[in-house]
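First residue of the sequence shown: 0, per numbering that gives the first Met the number 0; consecutive thereafter.
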Amino acid sequence: MRIFGAAVLLATSLWFAPPALAQQARVALVIGNGAYEKVPELPNPTRDAADVGRALERLDFKVTQVKDATAQAMRRALVEFGRSADGADLAVVFYAGHGMEVGGENWLIPISAELRSDTDIESEAISLRSVGLQVSKAKKLGLVILDACRNNPFAAKMKRSLSTRAVARGLAATEPSDNVLIAYAARDGTTASDGEGRNSPFTASLLRHIETPGLEISFLFRRVRDDVMAATRREQQPFVYGSLSKEEIYLKAPVASDQAPVVSIPPLSTSAEDEKFWLAIQTSTVTGLYEEFLTRYPRSNHAAEARQRIKDFKAKEVAAVSPPISDVGERQGLDMKVAPRKSFSLEDNQRVGAIALAQQLKLPSFTISSSQDVPLQPDSKFVGVWSNKRGWSNGKGRYAMLIVTEVSATGLAKGYYLWGPPTKASWVKDEAGNRSFSEYIKDNKFSISGTPVSVKFESNVLALSSFKKENPSETARIELRPVWQLVSVPEDVESSTKREKASQPRAIKKGSTAESRAPASVGEASMEERYRACKKLVKGFARREACARTGVN
0 MRIFGAAVLL ATSLWFAPPA LAQQARVALV IGNGAYEKVP ELPNPTRDAA
50 DVGRALERLD FKVTQVKDAT AQAMRRALVE FGRSADGADL AVVFYAGHGM
100 EVGGENWLIP ISAELRSDTD IESEAISLRS VGLQVSKAKK LGLVILDACR
150 NNPFAAKMKR SLSTRAVARG LAATEPSDNV LIAYAARDGT TASDGEGRNS
200 PFTASLLRHI ETPGLEISFL FRRVRDDVMA ATRREQQPFV YGSLSKEEIY
250 LKAPVASDQA PVVSIPPLST SAEDEKFWLA IQTSTVTGLY EEFLTRYPRS
300 NHAAEARQRI KDFKAKEVAA VSPPISDVGE RQGLDMKVAP RKSFSLEDNQ
350 RVGAIALAQQ LKLPSFTISS SQDVPLQPDS KFVGVWSNKR GWSNGKGRYA
400 MLIVTEVSAT GLAKGYYLWG PPTKASWVKD EAGNRSFSEY IKDNKFSISG
450 TPVSVKFESN VLALSSFKKE NPSETARIEL RPVWQLVSVP EDVESSTKRE
500 KASQPRAIKK GSTAESRAPA SVGEASMEER YRACKKLVKG FARREACART
550 GVN
């Protein structure tokens with residue numbers, strides 16, 4: 000029986016395995032050189048390469064990672080990559096480290112290079128021309144991304160064999176073949192900043208946009224250019240060489256009609272706080288978002304526009320229509336036999352984006368499908384966006400958010416764990432970030448690999464717990480409630496609602512006027528009147544909107 004079971008398992012695995020060609024449809028070689036032996040180390044390239052490699056893996060590339068490579072290791076990796084690129088649809092090489100121009104030709108510098116003379120370059124370095132030849136084997140697109148335009152310490156001490164042979168700063172302009180694009184972090188003849196954060200300005204922007212659904216490859220690098228020029232005060236201008244046909248090429252395909260991309264949050268370091276908030280809500284039709292904006296930033300340059308939008312939206316409002324019975328039942332904790340699934344709407348997008356902005360979370364691009372063709376599973380209750388108004392350890396630690404985008408029939412949960420900037424009480428002081436995860440749910444809980452964080456479903460709350468690596472007996476905890484959830488959990492809603500109300504300060508005192516009470520019925524007052532009443536009862540635009548729509552505060 001054991002042999003028979005193993006045979007069945009093997010046959011099933013082979014049956015569902017994708018064809019070899021499909022596995023090779025997208026290939027990438029990612030190289031990060033930082034630990035140079037003859038010149039000072041570079042802090043960012045290995046981190047840049049690791050982060051880009053993970054992003055490409057999420058985009059279904061077969062990624063080969065090479066860290067701190069010698070000349071021999073780089074040549075071997077490039078040859079093997081060229082074999083896998085032959086016949087692939089897309090082939091990408093990302094390189095972070097030192098690069099230089101010698102005699103009009105561009106070279107990528109391994110960590111073992113010494114380069115005492117310009118004549119040593121061909122034996123100690125890797126030519127950009129050879130990299131371009133390998134990616135050109137792809138059928139649709141060969142892409143080379145170089146974060147390699149830093150100030151080069153090799154050039155200063157290199158002997159010239161000919162006085163006319165130039166060793167210039169940065170890289171030289173290049174002319175790739177017809178299906179190849181080459182992107183520089185800084186245009187030819189200029190240098191790029193290594194940055195002060197985890198990633199260089201160029202790589203940070205690339206990571207911000209590379210997983211955006213429906214962003215055509217040309218527009219991807221246009222966005223990167225604008226971000227980098229803003230972050231460096233126009234001192235660094237990324238540049239792309241090469242041209243493509245009229246066929247559109249996407250690293251991440253456009254989302255289906257029932258999927259909506261999350262609002263793109265601009266980088267925290269490049270614009271004023273009110274400007275970031277405005278960018279997050281400017282396409283919304285939710286009146287409460289603009290009222291919240293005016294409450295926070297009454298003197299903003301966008302204040303007049305926000306007031307006009309509020310006026311326009313309220314002018315269009317008619318008598319409030321009661322929400323669907325299923326929605327009312329869900330909010331009031333009614334015992335429903337069938338829990339309806341929700342669609343992830345534009346309003347949900349903007350609410351999540353506004354929360355991430357307020358809590359300074361780095362929001363990744365993601366999609367959540369609520370298609371009726373996808374069967375619900377027992378663990379579908381995990382699918383949603385989960386957050387808390389307070390940080391870890393009852394508000395002493397940093398903010399957190401959990402995004403569960405899907406759960407398979409076997410209980411495999413996929414999504415992102417987000418953490419905000421550190422506080423004084425934070426155990427580690429790393430900057431805000433996010434981590435993708437793919438973990439199996441067992442007994443209503445799972446752990447996120449790579450972080451000491453355990454997740455457990457308790458009464459429609461995701462309880463996160465963690466321990467200090469240096470002292471495992473020291474633990475922390477945070478409870479995340481759904482900002483949006485695919486399916487409601489009726490038996491747990493009532494207890495969750497009671498706990499949420501208990502945590503809120505009492506807003507209604509004895510003897511308060513009728514105006515400060517929540518309307519008893521959603522149909523007996525206008526939306527504006529109900530929103531004003533709810534504004535005095537609850538804090539935050541999300542709760543106020545829910546209160547105004549349903550009459551439940």
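Heads up, the beta-carbon is just placed ideally off N, CA and C, and yes, glycines get one too. Please read these numbers as outputs of a predicted model, since none were measured by experiment.
(request) Tell whether a beta-carbon distance below 7 angstroms holds between residue 555 and residue 366. (result) The requested residue 555 does not occur in the structure, where the chain is confined to residues 0 to 552.
(request) Go to residue 475, then tell me how far its beta strand (DSSP E) extends in each direction, as first and last residue. (result) Taken as a continuous stretch (DSSP letters only), the beta strand (DSSP E) holding residue 475 covers 470 to 484.
(message) Which residue marks the beginning of the alpha helix (DSSP H) containing residue 280, and which one marks its end?
(response) Its alpha helix (DSSP H) spans residues 272 to 280.
(message) Checking 7 angstroms against the spacing of the C-beta atoms, do residue 120 and residue 101 come in under that value?
(response) Yes, the Cβ-Cβ distance between residue 120 and residue 101 is below 7 angstroms.
(message) For the ligand PLP, I want to know if residue 190 counts as a neighbour, meaning its beta carbon is within less than 6 angstroms of at least one of the ligand's heavy atoms.
(response) Although the ligand PLP was asked about, the structure shown includes no ligands whatsoever.
(request) Within the same chain, show all residues whose beta-carbon is closer than 6 angstroms to that of residue 465, passing over the 5 residues directly before and after it, in chain order. (result) Once the five neighbours on either side are set aside, the close Cβ partners of residue 465 are 451, 452 and 475.
(request) List the residues that DSSP assigns as beta-bridge partners of residue 454. (result) In DSSP, residue 454 forms a bridge with 445 and 463.
(message) Can you check whether the C-beta of residue 240 is within less than 7 angstroms of a C-beta belonging to chain D?
(response) Protein chains in the displayed structure number just one, and chain D is not present.
(message) Just to confirm, is the Cβ distance from residue 47 to residue 151 under 7 angstroms?
(response) Between residue 47 and residue 151, the C-beta gap is not smaller than 7 angstroms, which leaves the two residues out of contact.
(message) Does the region 241 to 251 come into contact with the region 198 to 208, if we say contact requires no fewer than three beta-carbon pairs (one atom in each stretch) closer than 8 angstroms?
(response) Flag = no, the region 241 to 251 and the region 198 to 208 do not touch.
(request) Verify whether the separation of the beta carbon atoms of residue 30 and residue 140 is less than 7 angstroms. (result) It is not a contact, given that the beta carbons lie outside the stated cut-off.
(request) With DSSP as the reference, label residue 43 as helix, strand or coil. (result) The answer is coil: DSSP assigns residue 43 none of H, G, I, E or B.
(request) Note down the Cα distance separating residue 360 from residue 418, rounded to an integer number of angstroms. (result) Cα to Cα, the separation comes out at about 6 angstroms.
(request) Output the boundary residues of the beta strand (DSSP E) element that contains residue 30. (result) Taken as a continuous stretch (DSSP letters only), the beta strand (DSSP E) holding residue 30 covers 25 to 31.
(message) Can you look up residue 156 in the DSSP assignment and give me helix, strand or coil?
(response) Three-state DSSP puts residue 156 in a helix.
(message) At the level of alpha carbons, what is the spacing between residue 201 and residue 104?
(response) Whole-angstrom Cα-Cα distance: 23 angstroms.
(request) Say whether the region 429 to 446 touches the region 386 to 395, bearing in mind that this needs 3 or more beta-carbon pairs closer than 8 angstroms, one atom from each stretch. (result) The region 429 to 446 is not in contact with the region 386 to 395.
(message) Going by beta-carbon coordinates alone, are residue 92 and residue 134 separated by less than 7 angstroms?
(response) Result yes, Cβ atoms of residue 92 and residue 134 sit closer than 7 angstroms.
(message) Using C-beta distances below 6 angstroms, list every residue in its chain close to residue 363, excluding the 5 sequence neighbours before and after it, in chain order.
(response) Close CB contacts of residue 363 within its chain, under the 6 angstroms cut and outside five residues either way in sequence, are with 415 and 433 (chain order).
(message) Any contact between the region 280 to 299 and the region 394 to 408? By contact I mean 3 or more CB pairs, one from each, below 8 angstroms.
(response) With the cut-off at 8 angstroms, the region 280 to 299 and the region 394 to 408 do not touch.
(message) Which residues does DSSP list as the beta-bridge partners of residue 415?
(response) Checking the DSSP bridge columns, you'll see residue 415 partnered with 402 and 435.
(request) Could I get the ranges of all uninterrupted beta strand (DSSP E) runs contained in the region 185 to 265, with 3 residues as the minimum, in chain order? (result) Entirely contained in the region 185 to 265, the beta strand (DSSP E) runs reaching 3 residues are, in chain order, 238 to 240.
(request) With residue 122 as the anchor, note down where its alpha helix (DSSP H) starts and where it stops. (result) DSSP places residue 122 inside the alpha helix (DSSP H), whose first and last residues are 120 to 123.
(request) Leaving aside the five residues before and after residue 467 along the sequence, list all residues of the same chain whose C-beta is less than 7 angstroms from its C-beta, in chain order. (result) The residues 426 and 473, in chain order, have a CB closer than 7 angstroms to that of residue 467 in the same chain once the five nearest residues on each side in sequence are set aside.
(message) In this structure, how does DSSP classify residue 146 when only helix, strand and coil are distinguished?
(response) Here residue 146 carries a strand assignment [DSSP, helix/strand/coil].
(message) Once DSSP output is grouped into helix, strand and coil, what is the label at residue 140?
(response) DSSP places residue 140 in strand when its eight states are reduced to three.
(message) Along the chain, where does the alpha helix (DSSP H) containing residue 98 start, and where does it finish?
(response) Per DSSP, residue 98 belongs to no alpha helix (DSSP H); it is in the beta strand (DSSP E), 98 to 101.
(request) Identify the continuous beta strand (DSSP E) that holds residue 105 and give its terminal residues. (result) Counting along the chain, the beta strand (DSSP E) containing residue 105 begins and ends at 104 to 107.
(message) For a test of the three-state rule: what should DSSP assign to residue 391, helix, strand or coil?
(response) DSSP, read as helix, strand or coil, puts residue 391 in helix.
(message) Judging by CA-CA distance, which residue of 309, 313 and 380 is the nearest neighbour of residue 341?
(response) The shortest C-alpha separation from residue 341 is found at 380.
(message) Less than 7 angstroms between the beta carbons of residue 107 and residue 142, yes or no?
(response) One thing to note: residue 107 has its Cβ no nearer than 7 angstroms to the Cβ of residue 142.
(request) For the alpha helix (DSSP H) holding residue 83, just list the boundary residues, first then last. (result) DSSP places residue 83 in the uninterrupted alpha helix (DSSP H) bounded by 70 to 84.
(request) Compute the distance between the beta-carbons of residue 44 and residue 95, then report whether it is under 7 angstroms. (result) Yes; because the gap between Cβ atoms is below 7 angstroms, this pair is in contact.
(message) Quick check on the DSSP output: the alpha helix (DSSP H) that includes residue 64 runs from which residue to which?
(response) Residue range 61 to 66 is occupied by the beta strand (DSSP E) that includes residue 64, with no alpha helix (DSSP H) assigned at that position.
(request) Tell me whether residue 146 is buried or exposed, calling it buried when 16 or more other Cβ atoms sit within 10 Å of its Cβ. (result) Residue 146 is buried by the Cβ-count criterion.
(message) According to DSSP, residue 180 sits in a beta bridge with which residue or residues?
(response) Residue 180 pairs with 142.
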